[in-house]
Amino acid sequence: MHAVRLALLFGILLVSGQVLADTCTLVTELETGRILKREGDCERRNSPASTFKVPLSLMGYDAGILKTEDEPAWPYKPEYKAWNEAWRKTITPRPWLRDSVVWYSQALTREMGMERFRRYVDAFQYGNRDVSGDKGKANGLTHAWLSSSLQISPVEQIGFLRKLLKRELPVSRRAHDMTLAIMPTFPLPDGWIAYGKTGSGFQPSANGSPDRERQFGWFVGWAQKGERRILFARLIRDERKETSVASFRARDSLLAELPALIAD
């Protein structure tokens, strides 16, 4: 009877798509480098999607375009054609990062300009550093990180976060501090707090265009209690169509697992 129940449960997982996904999970201590969990292919690169808002924040504050947690307040414009109702209003840096407001990112990079944008990506040694955008469309300034040319692996995401927390990236200390200040937070048991960023998009099809039947979803960041800090990255690549958002699944599943992984 127990074996039958297990078989039924496995069948449910297959139907739900939780098994039919290529998932990397990487969890490591910042100070010691000790790996608490490494599972799946964590070397393979993928579009960063909205996790790229973290380096964009560093760029924006370093360049003086972003001012505080609440400035600049940029109004929504109809030409942005935002599909998300929550994005159709005046946005400031904190809700931009929290709610993954795409048009605010694009307004920021337009203000920055391609030369400065490319220079930052190179200086950060961010993934493959390719900001050319969609082939033949010359849209890298506004689309390179959106299921397009810019790619980064979970291992590289962890390396970037390590430099961020150690304030070793080639931007001002204030840019580091402000970016850390606006990171979304998630309370965990026993006094831990997780800081993390989601990112979702569509995997490329055979011809390179986004395959809207197969999502990918990131959750990257760190957990902190006192002086102890734990870096994490989870990337899900769906192998079938799913109705739920892949990044939310990555976030919720990893937050559920973290307490056991980081227990003293």
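Letter by letter, the sequence shown follows residues -21 to -1, 1 to 243 in mature numbering (1 follows the signal peptide of the UniProt record, and there is no 0). The C-beta atom is built at its ideal place from N, Cα and C for all residues, glycine as well.
> To the nearest whole angstrom, what separates the beta carbons of S29 and I161, a pair I think is in contact under 8 Å?
Replying inline: The pair is not a contact, with the Cβ atoms about 14 Å apart (cut-off 8 Å).
>> Just to confirm the assignment: which complete alpha helix (DSSP H) runs, minimum length 4, are found wholly within the segment 6 to 40?
In response: List check, alpha helix (DSSP H) in window: nothing returned.
>> Need the endpoints of the alpha helix (DSSP H) that R152 sits in, please.
In response: Taken as a continuous stretch (DSSP letters only), the alpha helix (DSSP H) holding R152 covers 152 to 160.
>> What does DSSP give as the partner residue(s) for V199 in the beta ladder?
In response: Looking at the DSSP assignment, V199 forms a beta bridge with K176, A212.
>> Could you give the first and the last residue of the continuous beta strand (DSSP E) run that contains P166?
In response: Unbroken beta strand (DSSP E) run through P166: 164 to 166.
> Based on Cα-Cα distance, which residue from L5, T88, A239, V134 lies nearest to residue 258?
Replying inline: Past the boundaries of the shown model lies residue 258; the chain is included only from -21 to 243, so the question cannot be answered.
> alpha helix (DSSP H) containing D169: first to last residue?
Replying inline: That residue, D169, is in no alpha helix (DSSP H); it is neither H nor E in DSSP.
>> Using the three-state DSSP reduction, which class does R67 fall into: helix, strand or coil?
In response: Here R67 carries a coil assignment [DSSP, helix/strand/coil].
> The alpha helix (DSSP H) with W75 in it runs from where to where?
Replying inline: Residues 72 to 78.
>> Using only the alpha-carbon positions, how far apart do S223 and S184 sit?
In response: Approximately 20 Å, taken between the alpha carbons.
> Around the Cβ of I14, are there at least 16 other Cβ atoms within 10 angstroms (buried) or fewer (exposed)?
Replying inline: With fewer than 16 Cβ atoms within 10 Å of its Cβ, I14 is classed as exposed.
>> I'd like to know if the segment 175 to 183 and the segment 193 to 207 are in contact, where contact means that at least 3 CB-CB pairs between them fall below 8 Å.
In response: Yes: at least three Cβ pairs fall under 8 Å.
>> Assess contact between the segment 123 to 141 and the segment 206 to 213, defined as three or more Cβ pairs (one per stretch) separated by less than 8 Å. Is contact present?
In response: Cβ pair count under 8 Å is three or more, so yes.
> What's the call for A225, buried or exposed, on a 16-neighbour Cβ count within 10 Å?
Replying inline: Classification of A225: buried, given that the 10 Å Cβ count is 16 or more.
> Using the C-alpha atoms, what's the distance from L167 back to P238?
Replying inline: One C-alpha to the other measures close to 7 Å.
> Can you give the beta carbon distance from W82 to Y59, rounded, assuming they're within the 8 Å contact cut?
Replying inline: The pair is a contact, with the Cβ atoms about 4 Å apart (cut-off 8 Å).
> With a CB to CB cut of under 6 Å and the five nearest residues on each side skipped, what residues in its chain are close to D109?
Replying inline: Cβ-Cβ distances below 6 Å link D109 to S128, L129 in the same chain, with the five nearest sequence neighbours on each side left out; the list follows chain order.
> Roughly how many whole angstroms lie between the Cα atoms of D78 and N186?
Replying inline: The straight-line gap from Cα to Cα measures roughly 31 Å.
>> With the cut-off set at 8 Å, would you say G106 and P27 are in Cβ contact?
In response: Yes, the pair counts as a contact, with Cβ atoms nearer than the cut-off.
>> Taking the alpha-carbon of L5 as reference, which of G200, D41, K204 has the nearest alpha-carbon?
In response: Proximity to L5 across G200, D41, K204 peaks at G200, based on C-alpha coordinates.
> Cα separation between A242 and S126?
Replying inline: If I take the Cα positions, the gap works out to 35 Å.
>> Let me check understanding here. Comparing Cα to Cα, which of F31, Y55, I131 lies closest to R23?
In response: Of the candidates F31, Y55, I131, the one whose C-alpha sits nearest the C-alpha of R23 is I131.
> Going straight from the alpha carbon of A65 to that of V80, what length do you get?
Replying inline: Going from the Cα of A65 to the Cα of V80 covers about 9 Å.
>> DSSP has R207 in a bridge; who is on the other side?
In response: Its beta-bridge partners are K204.
> Going along the chain, which residues of its own chain have a beta-carbon closer than 7 Å to the beta-carbon of L144, five neighbours each way excluded?
Replying inline: Only L9, W201, R208 meet the Cβ criterion.
> Taking the C-alpha atoms as reference points, what is the distance between A154 and F96?
Replying inline: A154 and F96: Cα-Cα distance of roughly 15 Å.
> What do you get for A235, buried or exposed, if any count of 16 or more other CB atoms within 10 angstroms of its CB means buried?
Replying inline: Exposed is the call here.
> Hey, quick one: how far does the alpha helix (DSSP H) through Y99 stretch, first residue to last?
Replying inline: Where Y99 is concerned, the enclosing alpha helix (DSSP H) stretches over 93 to 103.
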